[in-house]
Amino acid sequence: MASKATHSPVRSIAAHAILLTYTLIALFPVFVIVINSLKNRQGIFKAPLALPVGELWAPDGFAKVLTRGDFPLYFQNSLIVTLVSLFFVLLFGAMAAFALSEYRFKGNTLMGLYLALGIMIPIRLGTVAILQIMAASGLVNTLWALILVYTAQGLPLSIFILSEFMRTVSDDLKDAGRIDGMNEFKIFFRLVLPLVRPAMATVAVFTMIPIWNDLWFPLILAPAESTKTVTLGAQMFLGQFQSEWDAVLAALTLAILPVLILYLIFSRQLIRGITSGAVK
Amino acid sequence: MTTDSFGGGRKPFRWHILVFLAPAALVYSAFMIIPLVSTLYQSFFSREWAFVGLDNFAKLFTDPRLSASFWNALWNNVWFFIIHMVVQNPIGILLAALLSNPRLRLRGFYRTVFFIPTILSFVIVGFVWKLILSPVWGISQGMLKSVGLGWLYQPWLGKEDYALTTLALISNWQFIGIPMMLIYAALLSIPDEVLEAAECDGITGWAQFWKIQLPLVLPAIGIVSILTFVGNFNAFDLVYAAQGAAAGPNFSTDLLGTLLYRTFFGYQLQLGDRAMGSTIAAVMFLIILAGVCVYLFLVQTRLRRYQF
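Residue numbers (the numbering used here), protein chains in the order written: chain P, 1 to 280; chain R, 1 to 308.
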């Protein structure tokens, strides 16, 4: 297997050629947006592929975005929704996963299956009734509406992945804890949770991306100005200022960069998570 | 499950199990299962809450005005899925196969880069491509011209004949990281001995990939296919971000998700219709359920043979 590359440099060059081509395809759109966001209108249209140096340099778009859209507020809303949902998904998910993997009780398998249903069936299909429930409880246009829905959406996969990992925690350790007089809650919080931290990180990344990027539920449950998320706010802003190219490009760049930076920091975690936990 | 069954015989009732399970079970039931069941239930009622049996479904499938948009959206959705299966997944497999060579340099770099589009939001992806393909900016036109292919250019997203395929390809660009990663992981889990044995028999390179590796990763390809299916028949965001709720031009990019949105909330002169919205959601539920069942009972059971 390993001899492939050494024995045939041609094959290795061909492989790199394909991979580099795809690298260009994957990065090109992002690259074009970012460089053009730093130019003025003329620069954007006359020399779309030139780097923003010399007389082309003009970050006017950013000034427009920052004065017109209420992006700091949208950003704060997204952050609150994502982090609070994430907290509940991880806490409730880990607790349920612990109950399912640690104890034998009647209905254990059934409960596991019930909680796993949501992995395959998208929560979106219940939107009609979700909106009715939120309207009846006065939660429409509050961040809580989003948090509750995203928590429900994230739980199935989180329980599924975490219970797989919790089965690998040694019984001896937990029994030693019990002999020392720890109750079940202490065993969970003090012994088991710290040991499944890597799995929690994986679940966190998987849960976070779809919540941060979701457009459907913010649009339906919380479209008010004060509860807009970044994704919805950017969508509205882009629609409204379509013809102002410098502002649109700057808004896109501002939306891309935080996610990109976070991704580059956590990409190892994410990739390790996908390649070890997700498929067996 | 009744609460007293937690006891498990002589032991005292184990409250802690209930405490551990309750929060997740409550939130999940209240905001996922109950709304889902309630939506399905409402598809049997008219707008005025009268029980109408399967009338809503009959109307959706045959009413001249409604059914035209329904069948249009359904067919578009099927085409959307086909493009993902013949473009996104094979390219994902190819990239994974190239990356799985342990001697390859820059593997980490490629892996990281190929996944970048997947983390971007639909809004960004939709708008970025809209700008790049736009005839106003002319960036794609200019690039095609510079390689002598200027005549090929069309405002793809604005033409009825091309818009849906173009959107599907944009979606492929965005999500290729997922099949790539899942297949890559499956390829890594093939034991070295198997590959060494193949090597001893003189099976190397592409022959090795087709005869040994590909059959062994079929279960992962099955998972990728069902994930693609569920994702595609539930898609909404990309169309909404790039083409708006009207899924233009002339509804040529309408998917079941956008149809559901317009039907439930209303669009321009058309009023929102809760009953018909529920009916479309119910049809989407049945389609996805059918896909998952085909996968679980037909595909997965047959694939198991190939596993170690």
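The C-beta atom is built at its ideal place from N, Cα and C for all residues, glycine as well.
Using the Cβ count rule (16 or more neighbours within 10 Å means buried), how would you classify LEU173/P? exposed
Residue burial classification, THR227/P (beta-carbon count within 10 angstroms, cutoff 16): Buried.
Buried or exposed: which applies to ILE170/R, given that a residue is buried once 16 or more other Cβ atoms fall within 10 Å of its Cβ? Flag for ILE170/R reads buried.
For THR258/R, which residues in chain P fall below 8 Å Cβ to Cβ? Under the 8 Å cutoff, chain P gives no residues; its nearest Cβ is about 11 Å from THR258/R.
For LYS280/P, count neighbouring Cβ atoms within 10 angstroms of its own Cβ and tell me buried if that reaches 16, exposed if not. Interpretation of LYS280/P is limited by its pLDDT of 35, a score under 50 that renders its predicted location unreliable; the figure taken from the coordinates is listed afterwards. That one is exposed.
Give a yes or no on whether 9 Å exceeds the smallest Cβ distance from ASP214/P to chain R. yes
Which residues DSSP lists as bridging TYR267/R, in chain order: For TYR267/R, the pairing in a beta bridge is given by DSSP as GLN270/R.
Rounded to whole angstroms, what's the CA-CA distance from GLY277/P to ASP214/P? Just pull it up for me. With a pLDDT of 47 at GLY277/P, under the threshold of 50, the modelled position of that residue is not reliable, and no figure is offered here.
What are the complete alpha helix (DSSP H) segments, minimum 4 residues, inside the stretch 67-133 of chain P? Those alpha helix (DSSP H) runs which fall completely within the stretch 67-133 of chain P and span 4+ residues are 71-102 and 108-120.
Nearest-angstrom Cα separation, counted from ASP63/R out to LEU21/R: 46 Å
Using the three-state DSSP reduction, which class does ARG302/R fall into: helix, strand or coil? helix
Contacting positions in the stretch 57-81 of chain R - beta carbon closer than 9 Å to chain P: none
Apart from the five residues just before and just after PRO218/P, which ones in its own chain have a Cβ nearer than 6 Å to its Cβ? THR229 and LEU232
Since ALA246/R and TYR261/R should fall inside the 8 Å C-beta cutoff, what is the C-beta to C-beta distance between them, to a whole number of angstroms? At roughly 10 Å, the Cβ-Cβ gap does not stay under 8 Å, so ALA246/R and TYR261/R are not in contact.
Of all the options PRO52/P, PRO48/P and LEU27/P, which has the alpha carbon lying nearest to the alpha carbon of LEU38/P? PRO52/P
One question on the structure: do ASN108/P and LEU117/P come within less than 9 Å of each other, judged by their Cβ atoms? no
Option in SER12/P, GLU55/P, LEU155/P and SER78/P with minimal Cα separation from VAL259/P: Minimum Cα distance to VAL259/P is reached at SER78/P.
Can a CB atom of chain R be found closer than 9 Å to the CB of ASN183/P? yes
Strictly below 7 Å CB to CB, what residues from chain R border TYR22/P? LEU95 and PHE114
Tell me, please, whether the stretch 177-192 of chain R touches the stretch 213-228 of chain R by the rule of three or more beta-carbon pairs shorter than 8 Å. yes
The alpha helix (DSSP H) with MET166/P in it runs from where to where? 143-166
Buried or exposed, going by whether 16 or more other CB atoms sit within 10 Å of the CB of GLU102/P? buried
Where MET392/R and SER158/P are concerned, what is the direct C-alpha to C-alpha distance, given to the nearest angstrom? Because chain R in this structure spans residues 1 to 308, residue 392/R falls outside the shown range and cannot be described.
Going straight from the alpha carbon of LYS64/P to that of GLN240/P, what length do you get? 13 Å
Alpha carbon of ASN183/P to alpha carbon of TRP15/R, nearest angstrom: 12 Å
Under a Cβ-count criterion, where at least 16 other Cβ atoms within 10 Å of its own Cβ denotes burial, should ALA2/P be classed as buried or exposed? The predicted model places ALA2/P with a pLDDT of 44, which falls under 50 and marks its position as unreliable; any figure quoted below should be read in that light. Burial call: exposed.
Between the stretch 154-166 of chain P and chain R, which residues of the former have a C-beta closer than 9 Å to a C-beta of the latter? LEU155, PRO156, SER158 and ILE159
Can you look up PHE44/R in the DSSP assignment and give me helix, strand or coil? coil
From the DSSP output, read off the bridge partner residues of TRP57/P. LYS39/P
Run through DSSP, which three-state label would PHE241/P get? Correct three-state label for PHE241/P: coil.
Determine whether the Cβ of HIS84/R lies closer than 9 Å to any Cβ atom of chain P. By this cut-off, HIS84/R is not an interface position.
Taking a cut of 7 Å between CB atoms, which residues from the stretch 271-289 of chain R lie near chain P? ARG274, GLY277, SER278, ALA281, MET284, PHE285 and ILE288
Return the CA-CA distance between SER85/P and MET32/R, expressed in angstroms with no decimal places. Their Cα atoms are separated by approximately 15 Å.
With 16 other Cβ atoms within 10 Å as the buried cut-off, status of PRO48/P: buried
is_contact[TYR28/R, chain P] using C-beta, thresh 9 Å: Taking Cβ atoms only, chain P reaches closer than 9 Å to TYR28/R, which makes this a yes.
For ALA163/R, does the count of other Cβ atoms within 10 angstroms reach 16, so buried, or fall short, so exposed? Here ALA163/R is buried. Its C-beta has 16 or more other C-beta atoms within 10 Å.
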